[in-house]
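Chains as they are written, first to last, in my numbering: chain B, 1 to 343; chain R, 344 to 686.
Below is one structure, written out as structure tokens; comments come after it.
There are 2 protein chains.
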Amino acid sequence: MTREPAGVKRPPSMLDVARAAGVSHTTVARVVNGAGTVTARTEAKVLAAIGQLHYRRNAAARALVTRQTQTIGVILANSLLSGPSSMFVEIERKARDLGYWVSVASLAVASSEEIDAAINHFRDQGVDAMVVMAPTKESLKATLAGIDETPCVVVTSGRVDQPGAVALNFDQEAGAKMAMAHLLDHGHRSIAHLAGPLDEFDAQIRMAVWRKSLAKAGLPEGPLGVGNWLADLGYSEARRILEAPDRPTAIFGGSDQMALGALRAAFDLGIKVPQDLSVIGFDDMPGSGQLIPPLTTVRQDLTLMGETTLGALTGLIEGEAVTVAQVKPSLVVRASVAPARRP
Amino acid sequence: MTREPAGVKRPPSMLDVARAAGVSHTTVARVVNGAGTVTARTEAKVLAAIGQLHYRRNAAARALVTRQTQTIGVILANSLLSGPSSMFVEIERKARDLGYWVSVASLAVASSEEIDAAINHFRDQGVDAMVVMAPTKESLKATLAGIDETPCVVVTSGRVDQPGAVALNFDQEAGAKMAMAHLLDHGHRSIAHLAGPLDEFDAQIRMAVWRKSLAKAGLPEGPLGVGNWLADLGYSEARRILEAPDRPTAIFGGSDQMALGALRAAFDLGIKVPQDLSVIGFDDMPGSGQLIPPLTTVRQDLTLMGETTLGALTGLIEGEAVTVAQVKPSLVVRASVAPARRP
DNA sequence: AACAGCAATGTTAACGCTACCATTTTGCGG
DNA sequence: CCGCAAAATGGTAGCGTTAACATTGCTGTT
């Protein structure tokens, strides 16, 4: 019967549980952490007290002494635009399973300043590790400069050689090659490209592969449109390309959104897809399979990617030497590509 | 010249800064927190020491004594499928501005168990407040049962009367009414609906409004398809409806994805949109404006919604009585709706 | 029956910060 | 030049946990 001063309402602590169970707080800790040796009888008493008092271990106190917050910071750049950000959901789920908390910062633009601010935000919080999506050279540079001790997985198609940081991404080159090979295999000799924003690695790589594939096949470079991954510019650029004399027989869209715009541009001009024009996309976004016509595209397996990211991250946290393979995309063949008409 | 035992590497603490600046740690605290009274000269010394040592205030220690983690937990249900989850980006940005950290849990399914687990996860972490997206009755019930002391904004179209919790959502009813009015105004007398998963409030409401609007106009109920918000079922259900005798002249899609499926179904059957069939969607997802034809739809202003959510949340944290208005959606008129053909 | 040796439990001291109160310094009117 | 209020600074006690070590209570061996 301990008399308690009727203090302010305060959640129960280990000591409260200890008193209720008639043991020391250390014993409570042993039960809670499942470590150490405790008699079944003692454990039962403690568990009962815990249940009765609705005890929860205080994360702050724990973090204070262990110097571990069990938190992972995730920095999302250009969050909603490109597909890869949905990878985040996978990361989060996996992390929670592993007992981590996931904090997020989603950036409107992946500028140096924004990245820097976000990294600082997380360092203030004391995250154990970070995942940073760095789509551009600038953001990648800021990231590598900003992360210091903190283990970090950088999701980027750029190059990273810095101890403690590991780069991870889809094999953009392989994906783009697949798309181009598919078009070339269907006999297309004049292939346009709708590029994403050219400050992004992914857009650069996809465009470079388009050029190289054409050159390798001994073909002249096709028309190029540049956009922002989105459908609006996909439409206007595609329209411009298709209205020009000598229009291409195929379009390689840098994203499904851009390809979607191309589909409509063709429709508006009375060009039939895939009979008169083949279109291929990149991402396999939701709904791509129900476009008119269903879009052939390159799929990126976000689930696998998320898992890989988190695997690398936990490895890094535990101080292992981490090397990760790139994740391979795959081709989803639907109905927007057909053999080129022999002239 | 204090002699330091060459201990393990440890981030500098307030005491370290204090020693370096020749003041007490209390003074350092005053500078760091910007509270209390400090001479400009002292402040400069302290700031210099902070810069030199790369001092960062330890969030865990601070949380321990203040009992405030400055963290908001966000629970996302069915994250990637429906539009509303992208609201999260807005919430996050705003919260970070306000000095909060945002932790996320994204649920595959909004079942009682998942919601419960996520809420517990956040309570373990000691979040100051939560945002829970509860699309279904089941998840809403679990949410209201699970949140206890923690202030909580529930994003749901369901009903919430519980002190400490406040419901917030788009005015689904207004949105659906707009869509139906638009169709009715164009003279459509036979309107089908492609509903979302019927365990979700939003799907229920949109369907109910569809029914009611028809009844109010003195029209018989039109054909109904039920799906999962996605394009695949949108296609098959729309196709079924359009192949039946007495096909409707308009389709009200529960989501843009479903409407997208309907667009293709019509195309496959040689039904021209909007000449022979009007289609309207809901969400205004990216790309909707570039479909064939560009989709007329109901837009939900996610930015405003995110802001409203966070406003309510901070109010709740500070113990104010919070009542929030629903956010009104708006109609985006494009090209998929035309006057009904007079038979 | 005594005692090593181990299992079970308890004691104590940080961890780095804020809150509260005590003390020192400063400015200024008389 | 004193005194006194106000401003500036310092001292100390927790917050709730873990970690290292100390102690107690058993078991089994000789």
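By construction, the Cβ of each residue, glycine as well, lies at the ideal position given by its N, Cα and C atoms.
These numbers were taken from a predicted model, which means no experiment stands behind them.
CB contact check: residue i to chain R, cutoff 7 Å
{"i": "Val102 of chain B", "result": "yes"}
{"i": "Phe252 of chain B", "result": "no"}
{"i": "Phe267 of chain B", "result": "yes"}
{"i": "Tyr235 of chain B", "result": "yes"}
{"i": "Met305 of chain B", "result": "no"}
{"i": "Arg264 of chain B", "result": "yes"}
{"i": "Gln290 of chain B", "result": "yes"}
{"i": "Val226 of chain B", "result": "no"}
{"i": "Arg189 of chain B", "result": "no"}
Delimiting residues of the beta strand (DSSP E) encompassing residue i
{"i": "Ile271 of chain B", "result": "Looking at the DSSP string, Ile271 of chain B is not in any beta strand (DSSP E), and its letter there is neither H nor E."}
{"i": "Met473 of chain R", "result": "Ala472 to Met476"}
{"i": "Val65 of chain B", "result": "No beta strand (DSSP E) holds Val65 of chain B; the alpha helix (DSSP H) holding it covers Ala59 to Thr66."}
{"i": "Ser621 of chain R", "result": "Ser621 to Ile623"}
{"i": "Arg502 of chain R", "result": "First-last for Arg502 of chain R: undefined, no H or E at that position."}
{"i": "His536 of chain R", "result": "Ile534 to Ala538"}
{"i": "Ser446 of chain R", "result": "Trp444 to Leu450"}
Residue i versus residue j: straight-line alpha-carbon distance, rounded
{"i": "Val132 of chain B", "j": "Thr639 of chain R", "result": "37 Å"}
{"i": "Leu585 of chain R", "j": "Gly570 of chain R", "result": "16 Å"}
{"i": "Lys437 of chain R", "j": "His54 of chain B", "result": "33 Å"}
{"i": "Arg373 of chain R", "j": "Phe544 of chain R", "result": "50 Å"}
{"i": "Leu541 of chain R", "j": "Leu567 of chain R", "result": "12 Å"}
{"i": "Leu487 of chain R", "j": "Arg400 of chain R", "result": "35 Å"}
{"i": "Pro286 of chain B", "j": "Gly234 of chain B", "result": "17 Å"}
{"i": "Ala560 of chain R", "j": "Gly518 of chain R", "result": "18 Å"}
{"i": "Ala238 of chain B", "j": "Met601 of chain R", "result": "26 Å"}
{"i": "Ala340 of chain B", "j": "Thr69 of chain B", "result": "58 Å"}
{"i": "Val680 of chain R", "j": "Asp611 of chain R", "result": "18 Å"}
{"i": "Val89 of chain B", "j": "Ser449 of chain R", "result": "6 Å"}
{"i": "Val209 of chain B", "j": "Glu173 of chain B", "result": "7 Å"}
{"i": "Lys388 of chain R", "j": "Ala364 of chain R", "result": "6 Å"}
{"i": "Ala558 of chain R", "j": "Leu527 of chain R", "result": "12 Å"}
{"i": "Ala392 of chain R", "j": "Trp444 of chain R", "result": "27 Å"}
{"i": "Thr380 of chain R", "j": "His368 of chain R", "result": "14 Å"}
{"i": "Glu457 of chain R", "j": "Thr308 of chain B", "result": "24 Å"}
{"i": "Ala402 of chain R", "j": "Asp359 of chain R", "result": "16 Å"}
{"i": "Leu562 of chain R", "j": "Arg554 of chain R", "result": "9 Å"}
{"i": "Ile660 of chain R", "j": "Asp471 of chain R", "result": "7 Å"}
{"i": "Arg362 of chain R", "j": "Thr150 of chain B", "result": "26 Å"}
Any C-beta of chain B under 7 Å from that of residue i
{"i": "Leu487 of chain R", "result": "no"}
{"i": "Gly630 of chain R", "result": "yes"}
{"i": "Thr666 of chain R", "result": "no"}
{"i": "Val468 of chain R", "result": "It is worth fixing the name first, because residue 468 of chain R is Gln in this sequence and not Val. Yes, its Cβ sits closer than 7 Å to a Cβ of chain B."}
{"i": "Leu603 of chain R", "result": "yes"}
{"i": "Gln643 of chain R", "result": "no"}
{"i": "Ala406 of chain R", "result": "yes"}
{"i": "Ala472 of chain R", "result": "no"}
{"i": "Pro355 of chain R", "result": "no"}
Closer than 8 Å at the beta carbon, the chain R residues around residue i
{"i": "His186 of chain B", "result": "Neighbours of His186 of chain B on chain R: none; closest Cβ ~23 Å, over 8 Å."}
{"i": "Thr69 of chain B", "result": "Ala402 and Ala403"}
Cross-chain neighbours of residue i in chain R, by beta carbon under 7 Å
{"i": "Gln347 of chain B", "result": "In this structure chain B extends from 1 to 343, so residue 347 of chain B is not present and cannot be described."}
{"i": "Ser106 of chain B", "result": "Val432, Glu435 and Arg436"}
{"i": "His121 of chain B", "result": "Arg439"}
{"i": "Arg56 of chain B", "result": "Arg466 and Asp467"}
Opening and closing residue of the alpha helix (DSSP H) in which residue i lies
{"i": "Phe465 of chain R", "result": "Ser455 to Gln468"}
{"i": "Ile393 of chain R", "result": "Ala383 to Leu396"}
{"i": "Val552 of chain R", "result": "Phe544 to Lys559"}
{"i": "Gly658 of chain R", "result": "Leu645 to Ile660"}
{"i": "Thr414 of chain R", "result": "Here Thr414 of chain R belongs to no alpha helix (DSSP H); instead the beta strand (DSSP E) covers Thr414 to Ala420."}
{"i": "Ala377 of chain B", "result": "Outside the modelled stretch of chain B, which goes from 1 to 343, sits residue 377 of chain B, for which no answer is possible."}
{"i": "Val89 of chain B", "result": "Met87 to Asp97"}
Chain R residues whose Cβ lies nearer than 9 Å to that of residue i
{"i": "Ala231 of chain B", "result": "Pro629, Gly630, Ser631, Gly632, Gln633 and Leu634"}
Is it true that the stretch 65 to 76 of chain B meets the stretch 113 to 131 of chain B, where meeting means three or more beta-carbon pairs spaced less than 8 Å apart? yes
Looking at C-beta atoms only, is the number of pairs between the stretch 271 to 282 of chain B and the stretch 149 to 163 of chain B that lie closer than 8 Å three or more? no
Inter-stretch contact (C-beta, 8 Å, three-pair minimum) for the stretch 641 to 656 of chain R and the stretch 316 to 326 of chain B: no
Any contact of the stretch 176 to 191 of chain B with the stretch 246 to 255 of chain B, i.e. 3+ C-beta pairs under 8 Å? yes
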